[in-house]
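Everything on this sheet refers to the single structure shown next.
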Amino acid sequence: MLGGQSSNPKRDSIVLFSQLFFPQVVIGIGLSAAINAVPGITLDINSAANLGVIIGFATPILGILAMVYAPCIAEKVNHHIIEPIVEKVKGCFSSKEA
1 MLGGQSSNPK RDSIVLFSQL FFPQVVIGIG LSAAINAVPG ITLDINSAAN LGVIIGFATP
61 ILGILAMVYA PCIAEKVNHH IIEPIVEKVK GCFSSKEA
């Protein structure tokens, strides 16, 4: 059960992964079919289906990795880029004009 407490976290992980995996496979197969519809690009049905499976399998894994590493990256960006800019802007507007 995704919304509440469950006694089996391993089962919940499998359910969550399957809910992320199968829609992405369908989206990947749809993208492959769209590529197949473009004139000049020829893919047989096997390569289109394989490409869809690869997209469907990689997307949830990459999404999980992004969720894990995004806070660390955001903290570094904030510390090294945003904070110095904010300090410079504060310095420009805090001049003493009395």
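So for the sequence shown, full-length UniProt numbering puts the first residue at 1; every next one is plus one. Every residue, glycine too, gets a C-beta built ideally from N, C-alpha and C. Note that the structure is predicted; figures quoted are calculated from it, not measured.
Quick check: the Cα distance between N8 and Q24, rounded to an integer number of angstroms? Spanning the two alpha carbons is a distance of roughly 25 Å.
Contact check, F21 vs G56 under 8 Å by CB: the rounded distance? Rounded to whole angstroms, the Cβ separation of F21 and G56 is 6 Å, and the two are in contact under 8 Å.
Could you check what DSSP says for V38 in three-state terms: helix, strand or coil? It is coil, neither helix nor strand.
Please classify G63 as buried or exposed, where buried requires at least 16 other C-beta atoms within 10 Å of its C-beta. For G63, the number of other beta carbons within 10 angstroms of its own is below 16, and it is reported as exposed.
For G28, which residues of its own chain have a beta-carbon under 8 Å away from its beta-carbon, when the five flanking residues on both sides are left out? Result list for G28: L51, G52, V53, I54, I55, G56, T59, in chain order.
Tell me which residue opens and which closes the alpha helix (DSSP H) that I85 is part of. Bounds of the alpha helix (DSSP H) holding I85 are 83 to 93.
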